[in-house]
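A.B. asks: Dropping the structure in here first, questions after.
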Amino acid sequence: MRVWIGCGGYTNDEWTAPGLIYDGVKKDAYLDTYARHFDAVELNSSFYAIPGLKAFEGMARKSGGRTRFAVKLNKVFTHDRAPQSADFDRMLQSPQPLRDAGVMGAYLAQFPYSFHRTAENRKYLLGLAERFAGHELAVELRHASWDQPEVREGMAEYGLIWVSPDYPPVGGMPEPQVHVTTDVGYLRLHGRNKASWWEGQSAAERHDYLYTRAEMDEWAEKIALVEGDLSELYVFFQNTTKGHALKNIPMLREALNARGVPVQAPDPGEGEEGRLL
Numbered sequence: 001m002r003v004w005i006g007c008g009g010y011t012n013d014e015w016t017a018p019g020l021i022y023d024g025v026k027k028d029a030y031l032d033t034y035a036r037h038f039d040a041v042e043l044n045s046s047f048y049a050i051p052g053l054k055a056f057e058g059m060a061r062k063s064g065g066r067t068r069f070a071v072k073l074n075k076v077f078t079h080d081r082a083p084q085s086a087d088f089d090r091m092l093q094s095p096q097p098l099r100d101a102g103v104m105g106a107y108l109a110q111f112p113y114s115f116h117r118t119a120e121n122r123k124y125l126l127g128l129a130e131r132f133a134g135h136e137l138a139v140e141l142r143h144a145s146w147d148q149p150e151v152r153e154g155m156a157e158y159g160l161i162w163v164s165p166d167y168p169p170v171g172g173m174p175e176p177q178v179h180v181t182t183d184v185g186y187l188r189l190h191g192r193n194k195a196s197w198w199e200g201q202s203a204a205e206r207h208d209y210l211y212t213r214a215e216m217d218e219w220a221e222k223i224a225l226v227e228g229d230l231s232e233l234y235v236f237f238q239n240t241t242k243g244h245a246l247k248n249i250p251m252l253r254e255a256l257n258a259r260g261v262p263v264q265a266p267d268p269g270e271g272e273e274g275r276l277l
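The sequence shown runs contiguously to residue 277 in UniProt numbering.
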């Protein structure tokens with residue numbers, strides 16, 4: 001099993017704090033720097049506006065072929081749920097430079113908590129699966145009504161990747177387990193900031209959480225149990241606030257390696273050692 005580990009997004013200005021990876025780094029060099037530390041990234045900007053070919057060409061070039069990209073679907077597919085043919089065309093065609101460079105990962109469909117398991121929503125999800133057939137599509141379903149074996153069986157039938165989440169223990173959302181629906185796994189760690197999950201004014205506030213070493217050991221155990229079922233596993237830390245993810249990723253790498261799950265980390269290059277923490 002090849003494990004890809006990274007963060008939700010790479011353009012975090014908070015990481016310019018002393019000792020973090022963007023300390024003294026210009027903004028146009030963020031991705032190059034990020035790619036020296038992490039072999040995967042979940043692209044957030046595509047949720048708000050689908051980048052064009054030139055933007056994706058720039059990402060492929062700046063990352064130097066070191067980083068695998070998971071591309072989040074634009075909100076028109078998951079929140080507005082009224083995509084037009086042009087939206088599908090752009091979403092499917094624009095990342096072609098990543099494919100050409102061999103760094104394209106899965107698409108991510110991040111549905112909101114309000115997307116319950118209803119007949120209408122099941123039909124919509126099926127239609128989305130059909131339009132993205134032939135591409136890896138990971139689906140995050142935040143409402144607990146979807147957290148059922150028969151749902152995952154249906155997703156497996158259509159080749160959809162179940163996104164295994166780690167949410168704060170607030171109830172009403174899927175349990176923190178690694179589930180397998182294809183030979184590719186996808187894990188999103190949101191942190192466990194229970195106090196701010198519903199009341200937080202921003203994603204940064206909701207994801208303000210630093211995992212403990214024990215919590216990383218817990219996830220390493222769960223991952224080790226499914227190693228034989230997967231060819232690849234993506235693990236994306238969403239707790240990027242204040243650089244928490246930057247501290248947690250080395251913990252998870254260490255915990256996985258200790259359990260016999262090999263994890264590769266990019267060679268940061270000369271002068272980069274020590275900047276991660």
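The beta-carbon is built from N, C-alpha and C at its ideal position, and this holds for glycine as well.
Note that the structure is a prediction, hence the values are computed from the model and not measured.
Answer yes or no: the CB of Q96 versus the heavy atoms of the ligand MG, is any distance below 7 Å?
C.D. replies: For the structure depicted, the ligand MG is absent and the ligand set is empty, with no information on it obtainable.
A.B. asks: Is it the case that the stretch 155-167 contacts the stretch 198-209, given that we only count it when at least three CB pairs across the two stretches are under 8 Å?
C.D. replies: no
A.B. asks: State the Cα-Cα distance for the pair K72 and F47, rounded to the nearest angstrom.
C.D. replies: 6 Å
A.B. asks: In the DSSP assignment, find the beta strand (DSSP E) that holds A164 and state where it starts and stops.
C.D. replies: It should be noted that the sequence gives Ser, not Ala, for residue 164. S164 -> beta strand (DSSP E) spans 160-166.
A.B. asks: Output the residue ranges of the beta strand (DSSP E) runs that lie fully inside the stretch 79-158 and measure 3 residues or longer, sorted by chain position.
C.D. replies: 104-110, 137-140
A.B. asks: Quick check on the burial criterion: 16 or more other C-beta atoms within 10 angstroms. Buried or exposed for S114?
C.D. replies: Looking at its Cβ environment, which holds fewer than 16 other Cβ atoms inside 10 Å, S114 is exposed.
A.B. asks: Roughly how many angstroms separate the alpha carbons of Y22 and L126, rounded to a whole number?
C.D. replies: 41 Å
A.B. asks: Going by the CB atoms, is the gap between H190 and S145 shorter than 8 Å?
C.D. replies: no
A.B. asks: Please confirm whether Y234 and A49 have their CB atoms less than 8 Å apart.
C.D. replies: no
A.B. asks: Whose C-beta lies closer than 8 Å to the C-beta of V261 among residues of the same chain, with five residues either side of it excluded?
C.D. replies: Correct list, in chain order: M1, V3, A220, I223, A224, E227.
A.B. asks: So the candidates are G24, V25, K26, F38; which of them puts its Cα closest to the Cα of G9?
C.D. replies: F38
A.B. asks: Is the beta carbon of L108 sitting closer than 8 Å to the one on A55?
C.D. replies: Not closer than 8 Å, so no.
A.B. asks: Count the other CB atoms, across all protein chains shown, that sit within 10 Å of the CB of P169; report buried if there are 16 or more and exposed otherwise.
C.D. replies: With fewer than 16 Cβ atoms within 10 Å of its Cβ, P169 is classed as exposed.
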